[in-house]
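Below: the structure, in structure tokens.
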Amino acid sequence: MSRQYETVIGLEVHVELATKTKIFCACSTEFGGAPNTHTCPVCTGMPGALPVLNRQVVEYAIAVGLATNCTINQCCKFDRKNYFYPDNPQNYQISQLYEPICRDGYVEIDTPSGTKKIGIHEIHMEEDAGKLMHDEWEDCSLVDFNRSGVPLIEIVSEPDMRDAKEVIAYLDKLRLIIQYLGASDCKLQEGSMRADVNLSVRETGSTRLGTRTEMKNLNSFKAITRAIEGERERQIELLEMGKAVVQETRRWDDNKESSYAMRSKEDAQDYRYFPEPDLVPVWISDEWLAQIRARQPELRTQKLIRYKKEFDIPDYDAQIITSAKKMADLFEATTAICKKPKKVSNWLMVETMRLMKEHEMEAEELTFSPKHLAELIELTDKGAINSSVAKEVFEKIFLEDIDPLQYVEEHGLKTVHDESVLRTVVEKVIEENPQSVADYRGGKEKAMGFLVGQTMKAMKGKANPAAVNQMLKELLMVGI
Amino acid sequence: MSLMSLTAVELGKKIQAKEVTAVEAAREAFLQIERMDSKLHCMITVDKEGALERAEKVQEGIEKGFFKGPLAGVPVVLKDNLCTKGMQTTCASKILYHFKPTYTAEAVKNLEQAGAVILGKANMDEFAMGSTTETSFFGVTKNPWNLEHVPGGSSGGSCAAVAAEECSYALGSDTGGSIRQPSAYCGVTGIKPTYGTVSRYGLIAYASSLDQIGPVAKDVGDCAAVLEAIASYDPKDSTSVKRKDYDFTTALVEDVKGLRIGIPKDYFGVGLDAEVRESILQAAKVLEGQGAVLEEFDLSLVEYAIPAYYIIASAEASSNLARFDGVKYGYRTKEYEGLHQMYKKSRSEGFGAEVKRRIMLGSFVLSSGYYDAYYLKALKTKALIKQAFDRAFERYDVILAPVAPTTAPKLKESLCDPIQMYLSDIYTIAANLAGLPGISLPCGIDSKGLPIGMQLLGDCFQEKKLIRAAYTFERTRTYERCKALKGVL
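Line order of the protein sequences matches chains A and B. The first sequence runs contiguously to residue 480 in the working numbering. The second sequence runs contiguously to residue 1489 in the working numbering.
Next comes the structure, spelled out in structure tokens:
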């Protein structure tokens, strides 16, 4: 290839907000109810029903806007987006076009060449649609309006990203911010965070944007990465062949690792947007804005600084712990109880991470209580249990959130500190393993390890390995 | 004289005084419906069984002292665009044929709390689009003063039913004059309240930013009492306004001394029928005689009200009516292949010509490339009209105007020229664009024997001034019953 190409990427990210009720009615947003059980005249588009805006939706949208350095539009308005589809009960979606709630923000991402700002064009609020289900047996389609009216925000970035790594870094950043705010759980797989990728290519050095395509149906970071790489190649190939890129919407098929055109610009619908007459403009007073600002939780960047200062843990630890809100919450809560930040950090970074990987879990799915981890740390520190027992107990805490004190007691896992008991066992081990004893005395240090192991085994793990070591040395010396 | 010839408040008093029961009143209403409605066709749905059952319950409530208000046990008819739980609500359209709502409109709930007995649902122009009640899928309603004439529209069924004494009072809705104009044509009184005064929750929308529910009755006193009952702040309607003055009946005072009445010259020029003009100017003199101060003024911009109105109303309608698609409720075409054809055929067969015309008009003005030139310009015009009224109300308490350029036209005359029909809305639509309250009340009879109505407009939230002025005028004349009742027709 003679020419060099640059990829230009902008993202439209939909995030489902974590409100208890829908955006325009009092129906529950809970997932998984029987079809059409979380519905009312409003979210099923009954004649005469009217929308009433959920205040919490506005507060979440503002919180996200503030955390992404946006200007808050203190008089924002809703518009109707008109299109016919059976999952859309009114045949229009209430969204924001002319006066969205947030504009002109940015987030910073880390790239190999340093920190980079990714611009946010706007954030707007809108309602989700219902879900269509196709009944193969009856050869008909059914619609479930439980999701209809679930609140969404759409975060529209500027075309500031240049490769898949930047896209993932941007999405990761957004996800973390929104999770920290508690505004959404942002799960790509479950659809509570959805990203559409707008991508074009141009010759390196050119400042004009190429014709872009929009890619939909990207359900994981992996799919996004593959889709970006695939689409970049497809577009370059077209240009190299002297063909033009067609402005169109494409659907990614992750199984086939390829995309196909859904609709071109010519087929693009005219949504006939106009101001929603059933809703009044949303006036966001200075006071309200100040209240929301004051309530903003500490975000990751602030936490990183504080952790180093307040807990004196290494930067590496702080990075890992703050990479998920849930992890940071666990860290802070556990540390508050046991006052041993480094030990808490170790448990989270080593054993917790290992078990999460083993059980394919996300940090958000962790259920154990900080109190139990703190107690476990106490038990270990007091020498009441040794580290291998501690790991075993922790796995129980991780999976079932058991009470470690009770568990250790019930299962008799406490380290035996009675010296006479240990002496008896060690004497027996020495007696039963003359070869190893001879080896040790002959200068083979390895034999000591074996003897310690035998003692631990005889003690059913309830001994302090250091004490065992000490006792063995003592007795073997005496024997000389 | 029938109980139905009494005003709603008079009948309500008799019921409270135990002179008659709610059941007797309802029975008389049904007797009158049976007598009149085959000729007039005011009603789409008559719920005799439900109403009589309800009347019995209300009567019990009255006896237990639960219902004490002036409307308890008094029979009412509702325009068929107001949702009534379990009772067919059609908007006079094939597309909502047999549709039974799952909930009741807020204004109707308020009436029920006042002890109203609902007789059934009144005919109207399809989806309230029309000025004659001729666009109804269920057939035309005839004017009880002359069966060859229209009752006006779109609340023609409600107004004709009140005039023909098929009910004591009715509810209508007014988007561009749909309460005031048929009230004038049928010789009854109707109020279009300030936008936001009566909850729109459960009113099947035509144009959301203009629609208001209001009362139709024999006189101002009834209208005030009904408005008092239906008006409320409703958190379910985001455009609902919290008011402190729902006690509209306190304005039933015979006193216009010093009341400043503005007479917009532009409303009395070319196009206004001479007899109508004469009658209204005569009414102005009567009010002057009672102590009001009259002054002519220019209310220009009114000529732009019609195009602005038809753009805004059609645009909103094109979107509001999108939900009628055959998927969830209402009419679905019998045979179709695939989703697209199901939509297309259901809507083509389900909607009438006038509704389709406005959906197309509305879709056009919202299309990309036309939005700024039409819709945005219409919104700006709307704002200018509001400003013009604001200036007028700095000088006047009320504005006196005609309701329509003529008395009721003959059947079929209007529909063949839609533009002409749209133009006849000239005196009423500005109030909707500006959100103002208006009252229409009878002020004379023309040489054809048809009633003439006059209109009083007030500033936002000034219904009481309107009621006071209208009441004072009304006391100077006697209510004239329609000819259908006198056996002339």
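Think of the CB as a built atom: it goes at the ideal place given N, C-alpha and C, for glycine as much as any other residue. Because the structure is a prediction, the values reported are computed rather than measured.
request  = Can you pull the chain A residues whose beta carbon is under 8 Å from the beta carbon of G1202 of chain B, in chain order?
outcome  = G48, A49
message = According to DSSP, simplified to helix, strand and coil, what is G1258 of chain B?
response = coil
query = Nearest-angstrom Cα distance between A244 of chain A and W137 of chain A?
reply = 44 Å
task = Please report the residue range of the alpha helix (DSSP H) in which F78 of chain A lies.
result = First-last for F78 of chain A: undefined, no H or E at that position.
ask   = Nearest CA to the CA of A290 of chain A: which residue from A:I9, A:Q74, A:C25, A:K81?
value = A:Q74
query = How would you write the range of the alpha helix (DSSP H) that T455 of chain A sits in, first residue to last?
reply = 446–458
ask   = Residues bridged to R103 of chain A by DSSP?
value = A:T71, A:E122
ask   = Identify the residues that DSSP records as bridge partners of C140 of chain A: which are they?
value = A:D135
request  = Kindly indicate which three-state DSSP category H1340 of chain B falls into: helix, strand or coil?
outcome  = helix
inquiry  = Closer than 8 Å is the cut-off here; do at least three beta carbon pairs connect the stretch 171–186 of chain A with the stretch 226–241 of chain A?
reply    = no
query = How is the beta strand (DSSP E) around C1443 of chain B delimited, first residue to last?
reply = 1438–1445
query = Along chain A, which residues have their Cβ under 7 Å away from the Cβ of E1316 of chain B?
reply = P277
message = Using beta carbons (cut-off 8 Å, strictly below), is F368 of chain A in contact with chain C?
response = Among the protein chains of the structure shown, namely A and B, there is no chain C.
task = Within the same chain, show all residues whose beta-carbon is closer than 7 Å to that of E360 of chain A, passing over the 5 residues directly before and after it, in chain order.
result = none
message = For V1020 of chain B, tell me which candidate among B:G1050, B:K1048, B:V1046, B:A1055 has the shortest Cα-Cα distance.
response = B:A1055
message = Counting beta carbon pairs with one atom in the stretch 1106–1119 of chain B and one in the stretch 1075–1082 of chain B, are three or more of them shorter than 8 Å?
response = yes
query = What number of angstroms, rounded off, separates the C-alpha of K1218 of chain B from the C-alpha of Q1032 of chain B?
reply = 16 Å
query = With which residues is R202 of chain A paired in a DSSP beta bridge?
reply = A:E6
Reduced DSSP category for P1215 of chain B - H, G, I as helix; E, B as strand; rest coil = strand
ask   = Expressed to the nearest angstrom, what Euclidean distance is found between the alpha-carbon atoms of C1091 of chain B and K1048 of chain B?
value = 20 Å
Positions along the stretch 1222–1244 of chain B whose CB lies within less than 7 Å of some CB in chain A = P1235, K1236, D1237, S1238, T1239
request  = Pull up the CB-CB distance for L279 of chain A and S1238 of chain B, whole angstroms please, since I reckon it's below 8 Å.
outcome  = 5 Å
key: Candidates B:G1012, B:A1322, B:G1190: closest to Y271 of chain A by CA position   = B:A1322
task = Tell me whether N464 of chain A sits in a helix, a strand or coil according to DSSP, three-state version.
result = coil
request  = State yes or no: is the C-beta of N1110 of chain B within less than 8 Å of the C-beta of D1080 of chain B?
outcome  = no
task = Ignoring anything shorter than 4 residues or poking outside the stretch 1390–1437 of chain B, list the alpha helix (DSSP H) runs there in chain order.
result = 1418–1423, 1429–1434
ask   = Any residues in the stretch 1074–1099 of chain B with a beta carbon nearer than 9 Å to a beta carbon of chain A? Which ones, in chain order?
value = N1081, L1082, C1083, T1089, C1091, L1096, F1099
ask   = Where in the stretch 271–314 of chain A do unbroken runs of the beta strand (DSSP E), each at least 3 residues long, occur, reported from the N-terminal end onward?
value = none
task = Rounded to whole angstroms, what's the CA-CA distance from R1180 of chain B to Q1212 of chain B? Just pull it up for me.
result = 12 Å
Any C-beta of chain B under 8 Å from that of V52 of chain A = yes
message = Closer than 8 Å between beta carbons: that is the criterion. Which residues of the stretch 1339–1353 of chain B meet it against chain A?
response = L1339, Y1343
Integer Cβ distance of T213 of chain A from E166 of chain A, believed to fall under 8 Å = The pair is not a contact, with the Cβ atoms about 18 Å apart (cut-off 8 Å).
request  = Identify which residue in B:E1463, B:L1485, B:L1366 has its Cα closest to the Cα of I1439 of chain B.
outcome  = B:E1463
query = Is H1149 of chain B helix, strand or coil by DSSP?
reply = strand
request  = Output the distance between the C-alpha atoms of P100 of chain A and V58 of chain A, rounded to the nearest integer angstrom.
outcome  = 11 Å
ask   = To the nearest angstrom, how far is it from the Cα of L472 of chain A to the Cα of Q319 of chain A?
value = 43 Å
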